[in-house]
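Mind the numbering: the sequence shown is residues 46 to 483 in my numbering, read in order.
Glycine included, every Cβ here is placed at the ideal spot set by N, Cα and C.
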Amino acid sequence: MSNHSRRQFVKTSGALGSAALVGLSGCSSNSSGSGSKNGTGGKKTLKPFGMVTNLQNDQWKAFASGVQEAAKALGAPTSDYKQNQGQQQQMLTQLSTAFTKEYNVIGGTPYQASGVPTVVRKCKQNDAGFVDYWNIAKWYTPLDAGDNFIQYQIPAVVKTGQLTAEILFEAMETKGNFVHITGPHGATGRNRNIGVERAMKKYPNVNRLGMLPGKWDRPSGRKVMSSFVSKFGDKIDGVYCQNDAMGLGAFTVLKNNDLSVPLVGYDGPSDAIRNIKQTSPDGDGPNWVASFSAKTFWQGGYAVVEGFDWLNGWRPKPPERMMWGGGVLVTKKPSRYEGKTKTKFDVSWSKPDPYLDVAYSDEKSPYDWKKMSRHHNPDSWDPQNRLVPIRKDELDQLNWTESNKPNGYSLPDVYDDGGKFDEVEKTYRKHHETDPYQ
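Take a look at the structure:
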């Protein structure tokens, strides 16, 4: 489908909603590698702005710190971030204010996927670049949106969900019963569920007693775990939590009921990591075995780096526009699990203290933000994290299915060219030389 046809389709279908229609209406041609200029035709001073959901959440605080540290390293005269508490209108108001102050690189995520096209539209209107994490509207690629939507990035949630499940099953000595606290309805929870189910196929002697949804917070984790304890009691041999906030709630219930079982989570907030450090299989009470973290400090800083390069004329190749971002698996004894699970996983591994030193370093991290920059290092840039392009056959992990694809829509043709994706994957593998967690 040509760019003109794609624009015409979006205008007429209404499938993405009115915000998406406006976001796509000015779609430009596909980006074509480095060397092109930004919309103003020349270099602009970097002024990054971070969109964060809740600064009471350790991960979002780390993201904001990453924005500030990278901005300072790259010579930005100022940087800012605002929490929107998951309120889309508040987010849009904050963005409008940021644009009046001439902020020109936006990093973060709209709380609702449907808000992504609106953010892109505002960036186009204000000649700003946007690096998006986690949420994205269905069947809406950065290539459809134009140059201002620099990149979308998310951890490989199915694979990392499977990794944490396999570690739990190894901690259970590959047998027994576990309970599963899922997230609310949505792509993230759904894909971690798929990861758990894939892990169960690898461990046939592990049985799931039950699964109930929480709301990504401690109170719901306590409520669900209390229900499991009432129903299953000491039949429970392990607990899988789809994020650490719910895990912290579940941990309290396990401790109060003297259940000494392994638990795993996802996200890597400091409270969860301290539990990993302080508990053990030989101690009284639950043993928090592991947590996967998406390296949110790095995410915040990397958005600034990509925005800086974009302002200086760099344009990502089409396969770079949507990428799986690497993460780190935190556990007390990485050697106990690294390479020992049934499936091989390509992630960083860390003990609790080194992870805390990097993830919550308060603007004093070991990351070299200038080294990440293609503008500063055209031939030797290093992302300092694993990045892999998202391919056509992996889009179901974003919950993009044939059943929810808008009538008449087709992906940009490049998604049928596996060779170009192979080339980009090889390039990133070559340039990824350092990792503060390794």
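query: Beta-bridge pairing of residue 200 - partner residues as DSSP gives them; result: 370
query: Unbroken beta strand (DSSP E) run spanning residue 284, endpoints; result: 283-286
query: Buried versus exposed, by CB contacts within 10 Å (16 or more), residue 225; result: buried
query: Nearest to residue 435 (by Cα), restricted to the options 364, 293 and 422; result: 364
query: Range of the contiguous alpha helix (DSSP H) that encloses residue 347; result: 341-356
query: Beta carbon of residue 350 nearer than 7 Å to that of residue 115; result: yes
query: Euclidean distance between Cα positions of residue 245 and residue 389; result: 15 Å
query: Whole-angstrom distance between residue 285 and residue 218, CA atom to CA atom; result: 15 Å
query: Residue environment, residue 474, which counts as buried when at least 16 other CB atoms sit within 10 Å; result: exposed
query: Contact belief for residue 216 with residue 334 at Cβ below 8 Å, rounded distance in angstroms; result: 5 Å
query: Whether residue 282 touches residue 306 by CB criterion (7 Å); result: yes
query: Whole-angstrom distance between residue 187 and residue 52, CA atom to CA atom; result: Confidence at residue 52 is low in this model, with a pLDDT of 40, below 50, so the placement of that residue should be treated as unreliable; the coordinate-derived value is given next. Rounded to the nearest angstrom, the two C-alpha atoms are 13 Å apart.
query: Continuous beta strand (DSSP E) stretch holding residue 432: start and end; result: 432-434
query: Rounded C-alpha distance that separates residue 411 from residue 266; result: 34 Å
query: Helix, strand or coil at residue 310 [DSSP, three-state]; result: strand
query: Outcome for residue 81 when other beta-carbon atoms lying within 10 angstroms are tallied against a minimum of 16; result: Low confidence applies here, because residue 81 scores a pLDDT of 37, under 50, leaving its location unreliable and the question unanswered by this model.
query: Pairwise C-alpha distance: residue 212 and residue 252; result: 15 Å
query: Residues near residue 94 by beta carbon distance below 6 Å, same chain, minus five either side; result: 125, 143, 148 and 151
query: Top-ranked residue by Cα proximity to residue 413, from 260, 111, 375 and 293; result: 111
query: Contact set for residue 156: own chain, Cβ-Cβ below 8 Å, skip 5 residues either direction; result: 98, 129, 131, 132, 133, 136 and 180
query: Entirely enclosed alpha helix (DSSP H) segments - the region 387-466, minimum 4 residues; result: 397-404 and 414-417
query: N- and C-terminal bounds of the beta strand (DSSP E) containing residue 21; result: One cannot answer for residue 21 here, as it falls past the ends of the chain, which runs 46 to 483.
query: Buried versus exposed, by CB contacts within 10 Å (16 or more), residue 209; result: buried
query: Cα-Cα separation, residue 177 to residue 368; result: 11 Å
query: Given 8 Å, three or more beta-carbon pairs between the region 335-355 and the region 190-203; result: yes
query: Rounded distance between the beta-carbons of residue 269 and residue 362, thought under 8 Å; result: With 8 Å as the limit, residue 362 and residue 269 do not qualify as a contact, their Cβ atoms being about 44 Å apart.
query: Local conformation of residue 262 per DSSP, three classes; result: coil
query: Beta-carbon proximity of residue 387 to residue 247, cut-off 7 Å; result: yes
query: Through-space distance from residue 301 to residue 185, alpha-carbon basis; result: 46 Å
query: Residue range of the beta strand (DSSP E) that includes residue 96; result: 93-97
query: Distance CB(residue 332)-CB(residue 280) smaller than 7 Å; result: no
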